[in-house]
Amino acid sequence: RMLDDGQFQDVVSWGVDGSSFVVKDMNQFTTAILPLHFKHSNFASFVRQLNKYDFHKV
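Residue numbering for the sequence shown is 1 to 58, as defined by full-length UniProt numbering.
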């Protein structure tokens, strides 16, 4: 949902191929988006959660 919300397109969006996402503004991502969707503002914790679901950094 957060990737499809135009409100956050300057902060996070789908990659060009549509199979990845890009965090464009990490500060805004951790302070505004993470607390809304994940109940924390720790980027490292967010990355660990992604790794659990077999996401990889590209």
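All C-beta atoms in this analysis are idealised placements derived from N, C-alpha and C, irrespective of residue type, glycine included. Just so we're clear, the structure is a prediction, and the values are computed from it rather than from any experiment.
Taking C-beta to C-beta, are residue i and residue j nearer than 7 Å?
i	j	result
M2	H56	no
K24	V11	yes
W14	F8	no
S45	T30	no
By the DSSP assignment, the alpha helix (DSSP H) with residue i in it spans what residues?
i	result
S45	43 to 52
F38	34 to 38
Nearest to residue i by alpha carbon, out of the options?
i	options	result
G18	D4, R48, Q28, M26	D4
Tell me which residue opens and which closes the beta strand (DSSP E) that residue i is part of.
i	result
F21	21 to 23
V12	12 to 14
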